[in-house]
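Everything on this sheet refers to the single structure shown next.
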Amino acid sequence: MLQDSLALMPLWAFVAALGVTLVAGFVKGAVGFAMPLIMISGLSLVMDPLVAVAGVILPAAFSNLLQAMRFGPEEVRNTLREYWRYILIVCIAIVIVAQFVTSIAPQTFYLILGVPVVILSLIQLVGLRFHIPPARRRLAEWGVGLLAGALGGMTGTWGPPTVLYLIALETPKAKQFLVQGVVYGLGSVALLAGHIQSGVLNLTTLPFSVALLVPAFLGMQLGFRFSDRLNPEVFRRVTLIVLVIAGANLVRRGLMG
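If you're matching positions, the sequence shown starts at 259 in this note's numbering and goes up one per residue.
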């Protein structure tokens, strides 16, 4: 039970995890992204990275399914018809790559976590944009989907490649939110299944992930309430700057211990 999970970390680290998840939920509710990125970056600073990955799984699944459920069934079906290849390869890659997480050394894991966080956050921060012509869309679906799924299976986050992919397709902002909700929701189910199989989510780590559902939910509700009062672009940029700093610290730990 939860006592077994608390044996994996000191009490102060558990309290810190609650705070990190509350902040991540607030950001998710306010701007619709970055919960797994913030959680994996923050939790990995105070606990074993595999325990951090386990902690992210249920809050990510909950928040992403909640986001997907905000749309009607017909909109979801249309999204599945249009983006089924991308969604399929993301989910398959998540399940497969998740099986290798437990065999990675901690120092290497910090680098795997930190480098993508820094690169993908900087890409979004500087506003670098790509363009995928219609003739290249199918190739991009498989290529970007494989990258996003591999990153998701390893670190629990596949949002940034998905966002960059949708922007490169010049997807309207309203539709981006819908597609992200469907991709994140189904990907979260794949992540849950993958890490049950890998053993990362087990009877010891499951109560920890369940406990983080509470601050995740509260944070999202606060984010929803304040979203209309915040300048979303300024808040997004501040969030990305924080992620760059957190990711750089993970890289430092991977290189220097």
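Every residue gets a Cβ at the ideal spot worked out from N, C-alpha and C, and that includes glycine.
Legend entry - Backbone CA spacing between Q365 and P331 [nearest angstrom]: 44 Å
Legend entry - For I499 and F482, the rounded distance between their alpha carbons: 22 Å
Inset, instruction - Return the first residue and the last residue of the alpha helix (DSSP H) that P418 is part of. - result: 417–426
Inset, instruction - Locate the alpha helix (DSSP H) running through G316, then write down its first and last residues. - result: First, the residue type needs correcting, since residue 316 is Leu and not Gly in the sequence shown. Run containing L316: 307–326, per the alpha helix (DSSP H) assignment.
Inset, instruction - Put P331 into one of helix, strand or coil per three-state DSSP. - result: helix
Inset, instruction - Under the assumption that L449 contacts I354 (Cβ atoms under 8 Å), give the Cβ distance between them as a whole number of angstroms. - result: So it is not a contact: roughly 12 Å between Cβ atoms.
Legend entry - Buried versus exposed call for G417 [16 or more other C-beta atoms within 10 Å across all chains shown]: buried
Inset, instruction - Reducing DSSP to helix, strand and coil, say where M514 ends up. - result: helix
Legend entry - Rounded C-alpha distance that separates G372 from G439: 24 Å
Inset, instruction - Compute the Euclidean distance between the alpha carbons of P392 and A469, then round it to the nearest angstrom. - result: 44 Å
Legend entry - Selection from P473, F475, V437, G457 that minimises the alpha carbon distance to N336: V437
Inset, instruction - Could you spell out the range, first to last residue, of the alpha helix (DSSP H) harbouring D486? - result: It is not in any alpha helix (DSSP H) - D486 carries neither H nor E in the DSSP assignment.
Legend entry - K431, buried or exposed, once every other Cβ within 10 Å from all chains shown has been counted against 16: exposed
Legend entry - Buried or exposed (CB count within 10 angstroms, at least 16 for buried), V496: exposed
Inset, instruction - Report yes or no: do three or more beta-carbon pairs, one from the segment 441–461 and one from the segment 346–361, lie closer than 8 Å? - result: yes
Inset, instruction - Taking all protein chains shown into account, decide if V311 is buried (16 or more other Cβ within 10 angstroms of its Cβ) or exposed. - result: buried
Legend entry - Within 8 Å, strictly: CB atoms of I352 and G410: yes
Legend entry - Among A406, A318, E428, the one whose alpha carbon lies nearest that of I390: E428
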